[in-house]
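Q: Take a look at the following structure, please.
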Amino acid sequence: MSSHHPTPEPRRWAMFIVLLAGSFLPPLDFFIVNVALPSIRAELGASSSAGQLVISSYAALYAVTLITGGRMGDLYGRGRMFFIGLAGFTAASLLCGLAWSPWSLVAGRALQGVTAAIMAPQALASVQAIFPEAEKPRALSLYGAVFGLAAVIGQALGGILIALDLFGMGWRMVFLANLPVAVLVTAFGVPLLKNVGERRSGRLDLGGTALSMLALALLIVPLIEGREAGWPLWCWLSLAAAPVAAWVFWRHEHRLARAGGAPLLDPAALRAPGLGRALLVALSFYSIGSFFLLFSVYLQDALHTSALDAGLVFLPFGLGFLLGPLVTPACRRLLGDWVNPTGMALESAGLLGLAWLVDAGPAGLAPQSAPLAAVLFAIGFGQGLGLPTLMRMITGRVSPALSGMIAGVASSTLQVSTALSVAVIGGVFYGVLGARDDPAALAHAFTVAALCIAGCLAAGAVLGATLAGRAGAAQRVSAPAGPG
Numbered sequence: 000m001s002s003h004h005p006t007p008e009p010r011r012w013a014m015f016i017v018l019l020a021g022s023f024l025p026p027l028d029f030f031i032v033n034v035a036l037p038s039i040r041a042e043l044g045a046s047s048s049a050g051q052l053v054i055s056s057y058a059a060l061y062a063v064t065l066i067t068g069g070r071m072g073d074l075y076g077r078g079r080m081f082f083i084g085l086a087g088f089t090a091a092s093l094l095c096g097l098a099w100s101p102w103s104l105v106a107g108r109a110l111q112g113v114t115a116a117i118m119a120p121q122a123l124a125s126v127q128a129i130f131p132e133a134e135k136p137r138a139l140s141l142y143g144a145v146f147g148l149a150a151v152i153g154q155a156l157g158g159i160l161i162a163l164d165l166f167g168m169g170w171r172m173v174f175l176a177n178l179p180v181a182v183l184v185t186a187f188g189v190p191l192l193k194n195v196g197e198r199r200s201g202r203l204d205l206g207g208t209a210l211s212m213l214a215l216a217l218l219i220v221p222l223i224e225g226r227e228a229g230w231p232l233w234c235w236l237s238l239a240a241a242p243v244a245a246w247v248f249w250r251h252e253h254r255l256a257r258a259g260g261a262p263l264l265d266p267a268a269l270r271a272p273g274l275g276r277a278l279l280v281a282l283s284f285y286s287i288g289s290f291f292l293l294f295s296v297y298l299q300d301a302l303h304t305s306a307l308d309a310g311l312v313f314l315p316f317g318l319g320f321l322l323g324p325l326v327t328p329a330c331r332r333l334l335g336d337w338v339n340p341t342g343m344a345l346e347s348a349g350l351l352g353l354a355w356l357v358d359a360g361p362a363g364l365a366p367q368s369a370p371l372a373a374v375l376f377a378i379g380f381g382q383g384l385g386l387p388t389l390m391r392m393i394t395g396r397v398s399p400a401l402s403g404m405i406a407g408v409a410s411s412t413l414q415v416s417t418a419l420s421v422a423v424i425g426g427v428f429y430g431v432l433g434a435r436d437d438p439a440a441l442a443h444a445f446t447v448a449a450l451c452i453a454g455c456l457a458a459g460a461v462l463g464a465t466l467a468g469r470a471g472a473a474q475r476v477s478a479p480a481g482p483g
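In structure tokens, the structure reads:
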């Protein structure tokens, strides 16, 4: 469902740029901390489990709070919730930068995850609310490019900040650098965004919020922590309890909707034609999440590439991910609704090419630079094409009044996809590898994992193609008949 804007907001692009600047911080902080982790552990004396929590506490709480953050924007105003989230994220960044112990850092990272999830969905929701139909593809392309930019510069920026050791702060600048960005976004943004998504009637569904966070936590926490912990009993009990909690949540939402309340997830909105299938496409889209981990393991353990050089190997992927969204509007003019399945198919083909390069080459020797760069660029470019069109495929199916809710659902689905990918395909990789750690075994395990990821993306491309085909058929049916 889409809305018609006869008189678009004249400042919509300036407003959107401010929202994008804030939305850049959450993915940047996810990528940048990976590089800083060894320095953090050395200075704070953190154990390996505490170091893992620095990453996973952010990822888990970000994922479980996204739906709530999106719905809060619908109810209380997107501009208002964006700045509340930004203020909390800034305070959390300050706590991380001044952390005096591993657990104070974990607390700061947890607060970062919660507040980032309040801030991040507002940009995506605002695309549906403030832009006319003709401008939505360009806005969503810029939204996708933000994530590509974060992927390109995140790890490099972390290394640069640590190497510069500004003011003798070392790794702490990775977090403290968020502060001047937040100040600038606030200074320029408050006059623009104060009325974006004005407050609506209704209160936040606190029961649904608690139940949704419980259900997502029962699913996501064991997926994030399970492999590192050796899959203890609590992981399996948690996974078994997740569907039960989801069912209780869904029953609560139905009861609230029938009583005339404002549910966190409106059951009527989720029955929008094609939305369920679009969310399944999203669930397959970030199956590539395990690729970054497993390819890094292959580069460093099988090829003995340094951490810095391994990061540089990913640059063609990052370049493709940055360029893909920028050419999406032109591709939409050529391909229409087929851009998303085309992008996912390109990713799948790139991964098949990478699997062939790794499998066909001598064990312990890197594939030739030019073909490797080409397939990595293709994977990144395909993802860059697929992401903006996927977001349009999901958010465009509901009214602007519910776009925050659906933006949260879409973002949360992508986080679940990433966690599932790391758990399941990572499990395949380590299962195939077994007790061996020689280059040939690592190359074989990575090849199998790459084929699994390619298969998931191909399945998503097929699902996306069925949606594109239906959209095209609907347009043909609704088109007026010509003369004669």
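Sequential numbering from 0 applies to the sequence shown in numbering that gives the first Met the number 0. Ideal Cβ placement from N, Cα and C applies to all residues, glycine included.
Can you give me the start and stop residues for the alpha helix (DSSP H) that Q121 sits inside?
A: Along the sequence shown, read from residue 1 onward, the residue named residue 121 stands at position 122. Element bounds for Q121: 120-129.
Q: Measure the C-alpha to C-alpha separation of L18 and G459 and round it to an integer number of angstroms.
A: Taking the first residue of the sequence shown as position 1, residue 18 is located at position 19. Taking the first residue of the sequence shown as position 1, residue 459 is located at position 460. Roughly 29 Å separates the two Cα atoms.
Q: Along the alpha helix (DSSP H) that carries Y285, what are the first and last residues, could you check?
A: For the purposes of this step, residue 285 is taken as residue 286 along the sequence shown, with counting starting at 1. It is not in any alpha helix (DSSP H) - Y285 carries neither H nor E in the DSSP assignment.
Q: Thinking just about the alpha-carbon of each residue, which of G335, A268, V338 is nearest to the one in V408?
A: Against the sequence shown, residue 408 aligns to sequence position 409. Cα-wise, what sits closest to V408 is A268.
Q: Return the residue from the list G68, V415, Q121 that minimises the CA-CA distance to S22.
A: Taking the sequence shown and counting its residues from 1, the one referred to as residue 22 is at position 23. Of the candidates G68, V415, Q121, the one whose C-alpha sits nearest the C-alpha of S22 is Q121.
Q: How many whole angstroms separate the CB atoms of L65 and Q414, which I take to be in contact at a CB cut-off of 8 Å?
A: One-based indexing of the sequence shown puts residue 65 at position 66. One-based indexing of the sequence shown puts residue 414 at position 415. Their Cβ separation, rounded to whole angstroms, is 7 Å, which keeps L65 and Q414 in contact under 8 Å.
Q: Return the Cβ separation of G107 and C95 in integer angstroms, given the expectation that the two are a contact with Cβ distance under 8 Å.
A: Within the sequence shown, the letter at position 108 stands for residue 107. Within the sequence shown, the letter at position 96 stands for residue 95. Correct: roughly 4 Å between the Cβ atoms.
Q: What alpha helix (DSSP H) runs, 4 residues minimum, are completely inside the segment 11-90?
A: Fully enclosed alpha helix (DSSP H) runs of 4 or longer: 11-43, 47-75.
Q: I need the DSSP call for S398, collapsed to helix, strand or coil.
A: Here residue 398 refers to the residue found at position 399 of the sequence shown. S398 falls in the coil class under three-state DSSP.
Q: Answer yes or no: do S286 and L52 have a C-beta to C-beta separation smaller than 8 Å?
A: Sequence index remark: in the sequence shown, residue 286 carries index 287 (1-based). Sequence index remark: in the sequence shown, residue 52 carries index 53 (1-based). No, they are not a contact pair.
Q: Label Q367 either buried or exposed according to how many other C-beta atoms from any shown protein chain fall within 10 Å of its C-beta, with 16 as the threshold for buried.
A: Translated into positions along the sequence shown, residue 367 becomes position 368. Per the 10 Å Cβ criterion, exposed.
Q: How should L302 be labelled, buried or exposed, when 16 other C-beta atoms within 10 angstroms of its C-beta is the threshold for buried?
A: Taking the sequence shown and counting its residues from 1, one reaches residue 302 at position 303. So L302 ends up on the buried side.
Q: Does the beta-carbon of P387 have 16 or more other beta-carbons within 10 angstroms, so that it is buried, or is it exposed?
A: As a working mapping, residue 387 is identified with position 388 in the sequence shown. Buried, since its Cβ has 16 or more Cβ neighbours within 10 Å.
Q: Going by the beta-carbon positions, is the gap between G342 and G381 smaller than 8 Å?
A: As a working mapping, residue 342 is identified with position 343 in the sequence shown. As a working mapping, residue 381 is identified with position 382 in the sequence shown. Contact: yes.
Q: Please list, in chain order, all residues of the same chain as A13 whose beta carbon is under 8 Å from its beta carbon, the five residues on each side excluded.
A: Position 14 of the sequence shown holds residue 13. So the list reads L191, once near-sequence residues are dropped.
Q: Since P328 and R137 should fall inside the 8 Å C-beta cutoff, what is the C-beta to C-beta distance between them, to a whole number of angstroms?
A: One-based indexing of the sequence shown puts residue 328 at position 329. One-based indexing of the sequence shown puts residue 137 at position 138. Indeed, because the Cβ distance is near 5 Å, the residues count as touching under 8 Å.
Q: Do the segment 244-252 and the segment 211-227 meet, that is, are 3 or more Cβ pairs less than 8 Å apart?
A: As far as the Cβ criterion goes, the segment 244-252 touches the segment 211-227, which means the pair count is three or higher.
Q: Does the distance from the CB of R442 to the CB of V427 come in under 8 Å?
A: For the purposes of this step, residue 442 is taken as the residue at position 443 of the sequence shown. For the purposes of this step, residue 427 is taken as the residue at position 428 of the sequence shown. Before going further, note that residue 442 is Ala rather than Arg in the sequence given. The answer is no: Cβ separation not under 8 Å.
Q: Quick one: what does DSSP say M212 is sitting in, helix, strand or coil?
A: On the sequence shown, residue 212 is found 213 positions in, with the first residue counted as 1. M212: helix per DSSP, three-state reduction.
Q: Taking the C-alpha atoms as reference points, what is the distance between A119 and A359?
A: The count along the sequence shown starts at 1 and reaches residue 119 at position 120. The count along the sequence shown starts at 1 and reaches residue 359 at position 360. Straight-line Cα distance between these residues: approximately 42 Å.
Q: Assign G493 to one of two classes, buried (16 or more other C-beta atoms within 10 Å of its C-beta) or exposed (fewer than that).
A: Past the boundaries of the shown model lies residue 493; the chain is included only from 0 to 483, so the question cannot be answered.
Q: Answer yes if the segment 96-103 comes into contact with the segment 251-264, meaning at least three C-beta pairs across the two stretches below 8 Å, and no otherwise.
A: They do not touch, by the three-pair rule.
Q: Taking Cβ to Cβ, would you say S140 is nearer than 8 Å to P324?
A: The residue given as residue 140 occupies position 141 in the sequence shown. The residue given as residue 324 occupies position 325 in the sequence shown. It is a contact, given that the beta carbons lie within the stated cut-off.
Q: Taking the alpha helix (DSSP H) that H253 belongs to, which residues open and close that run?
A: Indexing the sequence shown from 1 puts residue 253 at position 254. Start and end: 232-257.
Q: Which residues mark the beginning and the end of the alpha helix (DSSP H) in which M343 is found?
A: Sequence index remark: in the sequence shown, residue 343 carries index 344 (1-based). M343 -> alpha helix (DSSP H) spans 338-359.
Q: If I measure Cβ to Cβ from G463 and keep anything under 7 Å in the same chain, skipping five residues before and after, which residues do I get?
A: As a first step, residue 463 must be located in the sequence shown, where it is residue number 464. Within the same chain, G463 has close Cβ partners V280, N339, P340, M343.
Q: Which same chain residues, not among the five before or five after I219, have their C-beta less than 6 Å away from its C-beta?
A: The sequence position of residue 219 within the sequence shown is 220, counting from 1. Once the five neighbours on either side are set aside, the close Cβ partners of I219 are A59, A62, A418.
Q: Might you give, ordered along the chain, the residues of its own chain that have their beta carbon closer than 8 Å to the beta carbon of A439, omitting 5 neighbours on each side?
A: Locating residue 439 in the sequence shown gives position 440, where the first residue counts as 1. A362, G363, listed in sequence order.
Q: Can you tell me which of V397, I452, T6, S410 puts its alpha carbon nearest to the alpha carbon of P266?
A: Here the question's residue 266 lines up with position 267 in the sequence shown. It is V397.
Q: Consult DSSP for W99 and reduce its assignment to one of helix, strand or coil.
A: Taking the first residue of the sequence shown as position 1, residue 99 is located at position 100. W99 falls in the coil class under three-state DSSP.
Q: Between D28, G395, L110, I83, which lies nearest to A277 when the distance is taken from Cα to Cα?
A: The residue labelled residue 277 in the question sits at position 278 within the sequence shown. Ranking D28, G395, L110, I83 by Cα distance to A277 puts G395 first.
Q: List the whole-angstrom C-beta distance separating L450 from A369, where the pair is believed to meet the contact cut-off of C-beta under 8 Å.
A: As a working note, residue 450 is residue 451 in the sequence shown. As a working note, residue 369 is residue 370 in the sequence shown. The Cβ separation is near 23 Å, so there is no contact.
Q: When burial is assigned at 16 or more other CB atoms within 10 Å of the CB, is P479 buried or exposed?
A: By one-based count along the sequence shown, residue 479 stands at place 480. Note that P479 scores a pLDDT of 39, beneath 50, so its modelled location is shaky; the value from the coordinates is reported in the next line. Exposed, by the Cβ-count rule.
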